[in-house]
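Undergrad: If you read the sequence shown in the working numbering, its first letter stands for residue -6, the second for the next number, and so on.
The C-beta atom is built at its ideal place from N, Cα and C for all residues, glycine as well.
Just so it is clear, the structure is predicted and the values come from calculations on it, not from any experiment.
Let me give you the structure first, and then I'll get to my questions.
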Amino acid sequence: MKIGLGLGGGGARGLVHIGIFHVLHAYKIPLSIIAGTSAGAIVGAMFAATRDPAWIEDRFKKFFKHDVFKRLGTDRMIPVSGQVSPLTQFAQKVRDRMVIALSMQRSSIVKKSRLKDALSFLIPVATFSELLVPLKVVATDLVSSNTIVYSEGDLVEAVVQSSSIPGYVEPTFKENSVIIDGGIGMPNPVSLLVDDVDFLISVDIKKELTRHKLNLNIYDILQRSEEVTHYKLSSDLAAQAHHVVHPKGMHYHWAEFNEMDSLVNKGKAAMEENIQQLRDEIKTYFSYCSRIKRWFGIQ
-6 MKIGLGLGGG GARGLVHIGI FHVLHAYKIP LSIIAGTSAG AIVGAMFAAT RDPAWIEDRF
54 KKFFKHDVFK RLGTDRMIPV SGQVSPLTQF AQKVRDRMVI ALSMQRSSIV KKSRLKDALS
114 FLIPVATFSE LLVPLKVVAT DLVSSNTIVY SEGDLVEAVV QSSSIPGYVE PTFKENSVII
174 DGGIGMPNPV SLLVDDVDFL ISVDIKKELT RHKLNLNIYD ILQRSEEVTH YKLSSDLAAQ
234 AHHVVHPKGM HYHWAEFNEM DSLVNKGKAA MEENIQQLRD EIKTYFSYCS RIKRWFGIQ
């Protein structure tokens, strides 16, 4: 009996995966292999190295208080929302214009080395061979548009490439490739496990699409177009699993790491809602497969 788990990406929303692991671990659902994209690769690597959700949660709490996290500057990326003063609105517009101007001269805001320092703090092992559970990590080559899959060698480097948010984190320039976040080409990596396991579980943490105002400017139209494309692609990829978990309330911005407790709890709640159905599906699936194998004399 082999069960695989695919973990989607989504920045801070990836903290939901910690709650997912808490419940799977408590109910002793055995995982034979994990595949992760971006934030899913980070949390997936931490679980694959330890099989300990409590350790993962504690490590993240220490991480968010540490200088290696502060140097990433993600707090500056959270958009202003709700009722704000005219001065705050003006400051937001100035910041947006500065970012646009800066983007014409640079390929990123944060150096790759800073992300590598951060992930070295979070992930307790250096190589895939040290993991307790096999892991596949996804990145995207901007030049060829190909998906890159890592399953051996330097674990931290693989996760860095998988988590390099385009425009924010410096890409990896390698021979004729420019490697960025795996979520660009494969926001949910569950399909990578089709040939490795008998039963697939997928956790889909794509950002919820909200009803949008009609008077859109150029930036709004471009952003909304990207959101719709990502939403549809994530849904189609996740649907390849036997069981898909859709945590509720996935409206969080990718940089809202200050919402860790809420996100972990949403992961727990989603998995608790799914756990009985999941256990029944696993039992039924493997009972059916066993009968088929006996009928055909397959061991």
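Starting from the Cα of residue 202, find the closest Cα among 47, 243 and 33 and give me that residue.
TA: That would be 243, whose Cα lies nearest to the Cα of residue 202.
Undergrad: Alpha carbon to alpha carbon, how far is residue 115 from residue 194?
TA: Cα-Cα distance, rounded: 24 Å.
Undergrad: Give the range of the beta strand (DSSP E) segment to which residue 171 is assigned.
TA: Unbroken beta strand (DSSP E) run through residue 171: 170 to 174.
Undergrad: So, helix, strand or coil for residue 301, using DSSP?
TA: Residue 301 falls outside the range modelled here, since the chain spans only -6 to 292, and no answer is possible.
Undergrad: Is residue 133 buried or exposed, if buried means 16 or more other CB atoms sit within 10 Å of its CB?
TA: By the neighbour-count rule (16 or more Cβ atoms within 10 Å), residue 133 is buried.
Undergrad: In angstroms with no decimal places, state the Cα-to-Cα distance between residue 62 and residue 54.
TA: Approximately 11 Å, taken between the alpha carbons.
Undergrad: Which term fits residue 84, buried or exposed, when burial requires 16 or more other beta carbons within 10 angstroms of its beta carbon?
TA: In this prediction, residue 84 scores a pLDDT of 48, lower than 50, which makes its location untrustworthy; no coordinate-derived value is stated.
Undergrad: How many Å lie between residue 148 and residue 126 at the Cα?
TA: Those two C-alpha atoms are separated by around 13 Å.
Undergrad: May I have the straight-line CA-CA distance separating residue 4 from residue 24, to the nearest angstrom?
TA: One C-alpha to the other measures close to 23 Å.
Undergrad: Please list the terminal residues of the continuous alpha helix (DSSP H) segment that includes residue 236.
TA: Looking at the DSSP string, residue 236 is not in any alpha helix (DSSP H); the run it does join, the beta strand (DSSP E), is 236 to 238.
Undergrad: Suppose the cutoff is 6 Å on Cβ atoms and the five residues either side in sequence are ignored; what does the same chain contact list for residue 253 look like?
TA: Result list for residue 253: 8, in chain order.
Undergrad: Distance, Cα to Cα, residue 192 vs residue 6?
TA: Going from the Cα of residue 192 to the Cα of residue 6 covers about 25 Å.
Undergrad: Can you give me the start and stop residues for the alpha helix (DSSP H) that residue 37 sits inside?
TA: Residue 37 -> alpha helix (DSSP H) spans 32 to 43.
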